[in-house]
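*Asks:* The opening residue of the sequence shown carries number 985 in our numbering; numbering runs sequentially from there. I am attaching a structure below and will ask some questions about it afterwards.
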Amino acid sequence: MRDSSRLTRRAALGLTAAALPLAVATPASAATAIGGERLARDGIQAGDASTLPKKLTARSWLIADHKTGEVLASYRAHQRLAPASTLKMLFADTVLGKFERTRTYRVTDADLADVPSGSSLVGVKPGILYTVHQLWQGVFLRSGNDAVHVLAHMNGGIAATVAEMQAKAKDLQALDTHVVSPDGFDHPGQVSSAYDLTLFARHGLHDDDFSSYCSTRVANFPAGGKKTFQIQNTDRLLSGAYGLRPYPGIIGVKNGYTSHAGNTFTGAATRGGRTLLVTVMHPANGGNEVYKETAALLDWGFGKGSSARAVGTLVDPLSEGGATASPTPSGAKGAPGASGSSASSSSDGSSPWPMLGGAAGAVAVLAGGAFALRRRRAAVAAAKSRDLDGS
């Protein structure tokens, strides 16, 4: 057993990373009116909010028609929040079409060296030959950060992939999104929004491979030699796990969880020839709540919301003729502010943070982080005393 009184290098890294978001978090882009002016407002946006499901606790949500792009209702659609593994939809939008499904790749130790401790893993092992198809199954079904990192290294490396993802987000006009890692883990400044995640899902579902992977419930994954093991999709509306029933007509698409982001989910379902998209971010309770609120919004969309007047629209990509939308001034009334991301332990994984130069630097960052935390707590307490909304 290791001596618990000693501060290990990994522990020092974790403490340093925990302080970094408070000191050097990357600011997100200004709130925008992408998709319509109402989507930049605070509060529920709907033709008749009284018909919406009761007790929706998510910090942000949106429901839209997949075909027309009409946003039927929303709540803080452009609020920037930690996305967790729902950001893997953008990773797939960016990289999925680059490699043939039948292409094989033998994984090396270097491909997995930057997959951090605590990541959600599908079980990729060095020395085993995988097809691209199998790696994508690992990404979509098990949210495997090991599979993401292997594909990112095949794509030229983590940094190159992040840059391509950011460029893809810009083309999709997902201007609330700032990419730091391809797997969606909590990093300082890594944020997205319910609006942007819905854009990623809508774009992805136009691709047959994307649609196939996100709707796959089970698959066999290589274990070495001729051995395989079964993997199941972690989307509970698809699998019906943990006491939930599969949602009628569900076709995916991606769930996520980290200790900072909480639960996030973008789901799509088809009924009567109509497909609806719902994104729910950060409900008050964990576990099944993100799926229950998604299902409630889908029920509303297929029922009382079927004749709802649109409050906005999902814009088309610039590369497909989409009109450029103008940002709302950062001081616009009601525009939701950024929610800074913080590094934390999780089952979703992240890229490791480099060590600061010298112990003094680490101590300084930790001290600065603690000071910032005290200031933040004081500010929150003051806000609460004035009955202000601090989210």
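C-beta atoms are modelled at their ideal positions from N, C-alpha and C, and glycine is treated no differently.
Helix, strand or coil: how does DSSP classify G1240 here?
*Replies:* G1240: strand per DSSP, three-state reduction.
*Asks:* Given a cut-off of 8 Å, decide if F1124 and T1212 are closer than it, judged by their beta-carbon atoms.
*Replies:* Going by C-beta atoms, T1212 is not nearer than 8 Å to F1124.
*Asks:* Closer than 7 Å by C-beta to D1095: which residues in its own chain qualify, once you throw out the five before and the five after it? Chain order, please.
*Replies:* These residues qualify, in order along the chain: H1133, V1134 and H1137.
*Asks:* I need the straight-line Cα distance from L1281 to F1083, nearest angstrom please.
*Replies:* Rounded to the nearest angstrom, the two C-alpha atoms are 36 Å apart.
*Asks:* Under the rule that 16 or more other beta-carbon atoms within 10 Å means buried, what is Y1226, buried or exposed?
*Replies:* Exposed is the call here.
*Asks:* Which word fits G1256, buried or exposed, when buried means at least 16 other C-beta atoms lie within 10 angstroms of its C-beta?
*Replies:* With fewer than 16 Cβ atoms within 10 Å of its Cβ, G1256 is classed as exposed.
*Asks:* Sort I1028, G1287 and S1291 by Cα distance to L1040 and report the nearest one.
*Replies:* Selected option, being the one with the closest Cα: I1028.
*Asks:* Since F1205 is in the alpha helix (DSSP H), which residue starts that stretch and which ends it?
*Replies:* Looking at the DSSP string, F1205 is not in any alpha helix (DSSP H); the run it does join, the beta strand (DSSP E), is V1202 to G1208.
*Asks:* Would you tell me roughly how many angstroms separate the C-alpha atoms of L1140 and L1222, rounded to the nearest one?
*Replies:* Inspection of the sequence shows that residue 1140 is occupied by Gly rather than by Leu. Their backbone Cα atoms lie some 33 Å apart in a straight line.
*Asks:* When the Cα of R1060 is compared with those of S1127, I1018 and D1130, which residue comes out closest?
*Replies:* Nearest of S1127, I1018 and D1130 to R1060, Cα basis: I1018.
*Asks:* Applying the criterion that 16 or more other CB atoms from any shown protein chain within 10 Å of the CB defines a buried residue, is N1190 buried or exposed?
*Replies:* Position check: residue 1190 holds His in this sequence, whereas Asn was assumed. The residue is exposed, with fewer than 16 neighbouring Cβ atoms inside 10 Å.
*Asks:* Out of H1266, G1208 and V1295, which has the shortest C-alpha to C-alpha gap to W1045?
*Replies:* Cα-wise, what sits closest to W1045 is H1266.
*Asks:* Less than 8 Å separating the beta-carbons of P1037 and W1284?
*Replies:* Contact: yes.
*Asks:* Could you check how far apart the C-beta atoms of L1159 and L1183 are, in whole angstroms? I think they sit under 8 Å.
*Replies:* Going by Cβ atoms, the distance from L1159 to L1183 rounds to 10 Å, so no, they are not a contact pair.
*Asks:* Taking L1065 as the reference, give the member of H1171, V1106, G1107 and R1258 with the closest Cα.
*Replies:* Checked all of H1171, V1106, G1107 and R1258; the closest Cα to L1065 is H1171.
*Asks:* Would you call the stretch 1235-1247 and the stretch 1070-1087 in contact, with 3 or more CB pairs under 8 Å?
*Replies:* Because the criterion of three Cβ pairs below 8 Å is met, the stretch 1235-1247 and the stretch 1070-1087 touch.
*Asks:* DSSP three-state label for F1213, please.
*Replies:* Three-state result, F1213: strand.
*Asks:* In the structure shown, what three-state DSSP assignment does G1251 receive?
*Replies:* G1251 falls in the strand class under three-state DSSP.
*Asks:* Less than 8 Å between the CB atoms is what I'm expecting for G1122 and V1106, so what's the real figure, rounded?
*Replies:* So it is a contact: roughly 3 Å between Cβ atoms.
*Asks:* Over what stretch of residues does the alpha helix (DSSP H) that includes D1077 continue unbroken?
*Replies:* Element bounds for D1077: K1072 to V1079.
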